[in-house]
Amino acid sequence: MKLLVKILPLLLIFILSCTFKSDTIHGRWIVENVNFDFDERRNTPEMISQIGKEESKDELIFKNDSVVYIKMLNYNGDYQYTINEISEINFKDDISDINKLGVLKGNKIYSEQNTPIGKMKVVFVKEF
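Residue numbers (our numbering): 1317 to 1444.
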(Lines of atoms letter the chains of each structure in order from A and count residues from 1; the text may use other names and numbers.)
(Lines give C-alpha, C1' and ligand atoms only; values in the text may rest on other atoms or scores of the structure.)
Protein backbone atom coordinates (compact mmCIF):
# COMPACT_ATOMS: atom_id res chain seq x y z
CA MET A 1 0.00 0.00 0.00
CA LYS A 2 2.85 2.39 0.86
CA LEU A 3 4.37 1.72 -2.55
CA LEU A 4 1.09 2.63 -4.26
CA VAL A 5 0.92 5.89 -2.28
CA LYS A 6 4.46 6.75 -3.46
CA ILE A 7 3.91 5.76 -7.10
CA LEU A 8 0.43 7.25 -7.60
CA PRO A 9 1.54 10.94 -7.53
CA LEU A 10 4.33 10.22 -10.01
CA LEU A 11 1.93 8.39 -12.30
CA LEU A 12 -0.52 11.31 -12.18
CA ILE A 13 2.24 13.82 -13.00
CA PHE A 14 3.34 11.70 -15.97
CA ILE A 15 -0.22 11.38 -17.31
CA LEU A 16 -0.89 15.11 -16.89
CA SER A 17 2.37 16.08 -18.59
CA CYS A 18 1.54 13.88 -21.60
CA THR A 19 -1.95 15.32 -21.78
CA PHE A 20 -0.64 18.87 -21.54
CA LYS A 21 1.77 18.38 -24.45
CA SER A 22 -0.82 16.79 -26.70
CA ASP A 23 -3.48 19.38 -25.84
CA THR A 24 -1.14 22.28 -26.53
CA ILE A 25 0.09 20.88 -29.82
CA HIS A 26 -3.28 20.11 -31.46
CA GLY A 27 -4.15 22.52 -34.27
CA ARG A 28 -2.51 24.35 -37.17
CA TRP A 29 1.07 25.63 -36.91
CA ILE A 30 2.43 28.15 -39.41
CA VAL A 31 5.90 29.51 -40.14
CA GLU A 32 6.97 32.47 -38.05
CA ASN A 33 10.57 32.65 -39.20
CA VAL A 34 12.94 30.98 -41.68
CA ASN A 35 16.75 31.24 -41.47
CA PHE A 36 19.31 29.76 -43.82
CA ASP A 37 22.89 28.64 -43.43
CA PHE A 38 23.60 28.36 -47.15
CA ASP A 39 26.87 28.84 -48.97
CA GLU A 40 26.20 32.18 -50.66
CA ARG A 41 29.03 31.55 -53.13
CA ARG A 42 27.01 28.64 -54.55
CA ASN A 43 23.53 30.23 -54.28
CA THR A 44 22.35 33.58 -55.50
CA PRO A 45 20.49 35.93 -53.13
CA GLU A 46 17.50 35.66 -55.45
CA MET A 47 17.49 31.87 -55.15
CA ILE A 48 17.72 32.04 -51.34
CA SER A 49 14.89 34.60 -51.27
CA GLN A 50 12.72 32.37 -53.45
CA ILE A 51 13.34 29.37 -51.20
CA GLY A 52 12.44 31.51 -48.19
CA LYS A 53 9.14 32.53 -49.79
CA GLU A 54 8.29 28.90 -50.55
CA GLU A 55 9.26 27.67 -47.08
CA SER A 56 7.14 30.37 -45.42
CA LYS A 57 4.11 28.48 -46.80
CA ASP A 58 4.97 25.35 -44.77
CA GLU A 59 2.48 24.19 -42.18
CA LEU A 60 1.88 21.48 -39.63
CA ILE A 61 -1.60 20.42 -38.58
CA PHE A 62 -1.65 18.18 -35.52
CA LYS A 63 -4.95 16.35 -35.94
CA ASN A 64 -4.88 14.21 -32.80
CA ASP A 65 -2.44 12.48 -30.43
CA SER A 66 -0.78 10.52 -33.23
CA VAL A 67 -1.42 12.10 -36.66
CA VAL A 68 0.14 15.27 -38.09
CA TYR A 69 -0.41 16.67 -41.58
CA ILE A 70 2.96 17.96 -42.81
CA LYS A 71 3.33 20.35 -45.71
CA MET A 72 7.02 21.14 -46.12
CA LEU A 73 9.97 20.36 -48.38
CA ASN A 74 9.61 16.71 -49.39
CA TYR A 75 6.61 15.93 -47.20
CA ASN A 76 2.97 16.48 -48.00
CA GLY A 77 0.43 14.35 -46.18
CA ASP A 78 -0.52 12.65 -42.93
CA TYR A 79 2.21 11.08 -40.80
CA GLN A 80 2.34 9.31 -37.45
CA TYR A 81 4.13 11.39 -34.80
CA THR A 82 5.35 11.06 -31.23
CA ILE A 83 6.66 13.50 -28.64
CA ASN A 84 9.35 12.20 -26.33
CA GLU A 85 10.22 13.27 -22.80
CA ILE A 86 12.45 16.14 -23.97
CA SER A 87 9.74 17.51 -26.28
CA GLU A 88 11.30 16.28 -29.53
CA ILE A 89 8.61 15.71 -32.13
CA ASN A 90 9.40 12.75 -34.38
CA PHE A 91 7.41 11.40 -37.30
CA LYS A 92 7.47 8.17 -39.24
CA ASP A 93 7.58 7.90 -43.00
CA ASP A 94 7.89 4.96 -45.38
CA ILE A 95 11.38 5.79 -46.60
CA SER A 96 13.65 6.70 -43.70
CA ASP A 97 11.44 5.47 -40.87
CA ILE A 98 11.87 7.98 -37.98
CA ASN A 99 12.53 11.66 -38.67
CA LYS A 100 12.92 14.54 -36.26
CA LEU A 101 10.30 17.18 -37.05
CA GLY A 102 11.39 19.64 -34.40
CA VAL A 103 11.44 20.52 -30.73
CA LEU A 104 8.47 21.97 -28.88
CA LYS A 105 9.65 24.79 -26.61
CA GLY A 106 6.96 26.87 -25.00
CA ASN A 107 4.56 27.90 -27.74
CA LYS A 108 6.93 27.33 -30.67
CA ILE A 109 8.28 24.41 -32.67
CA TYR A 110 11.91 24.75 -33.74
CA SER A 111 12.83 22.70 -36.80
CA GLU A 112 16.23 22.24 -38.47
CA GLN A 113 16.52 20.61 -41.87
CA ASN A 114 19.54 19.75 -43.95
CA THR A 115 18.93 20.45 -47.62
CA PRO A 116 21.14 19.85 -50.66
CA ILE A 117 22.22 23.51 -50.54
CA GLY A 118 22.65 23.94 -46.77
CA LYS A 119 20.90 24.01 -43.41
CA MET A 120 17.52 25.63 -42.92
CA LYS A 121 15.96 26.59 -39.56
CA VAL A 122 12.20 27.08 -39.35
CA VAL A 123 10.20 28.32 -36.37
CA PHE A 124 6.50 27.41 -36.26
CA VAL A 125 3.85 29.10 -34.11
CA LYS A 126 0.35 27.90 -33.45
CA GLU A 127 -2.34 29.69 -35.37
CA PHE A 128 -5.29 30.70 -33.21
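Cβ atoms here follow ideal geometry from the backbone N, Cα and C, with glycine treated the same way.
Helix, strand or coil at residue i according to DSSP, with G and I counted as helix
{"i": "Ile1329", "result": "Here Ile1329 scores only 46 on pLDDT, less than 50, and its place in the model should not be relied on; the value that follows carries that caveat. Residue state, collapsed to three classes: helix."}
{"i": "Ile1482", "result": "Given a span of 1317 to 1444 for the chain in the structure shown, any question on residue 1482 remains unanswerable."}
{"i": "Thr1335", "result": "Per-residue confidence for Thr1335 stands at a pLDDT of 42, beneath the threshold of 50, marking its modelled position as unreliable; no derived number is given."}
{"i": "Ile1341", "result": "helix"}
7 Å Cβ cutoff met for residue i and residue j
{"i": "Tyr1395", "j": "Ile1405", "result": "no"}
{"i": "Val1441", "j": "Glu1375", "result": "no"}
{"i": "Leu1389", "j": "Ser1403", "result": "no"}
Span of the beta strand (DSSP E) around residue i
{"i": "Ser1382", "result": "It is not in any beta strand (DSSP E) - Ser1382 carries neither H nor E in the DSSP assignment."}
{"i": "Ser1403", "result": "Taken as a continuous stretch (DSSP letters only), Ser1403 belongs to no beta strand (DSSP E), as it is neither H nor E."}
{"i": "Asp1413", "result": "Asp1413 to Lys1421"}
Enclosing alpha helix (DSSP H) for residue i [first to last residue]
{"i": "Ser1365", "result": "Pro1361 to Glu1371"}
Presumed contact (8 Å Cβ cut-off) between residue i and residue j, rounded CB distance
{"i": "Asn1343", "j": "Glu1443", "result": "Looking at the sequence shown, residue 1343 is not Asn but Gly. Correct: roughly 7 Å between the Cβ atoms."}
Where residue i falls, given that 16 or more other Cβ within 10 Å makes a residue buried
{"i": "Ser1427", "result": "buried"}
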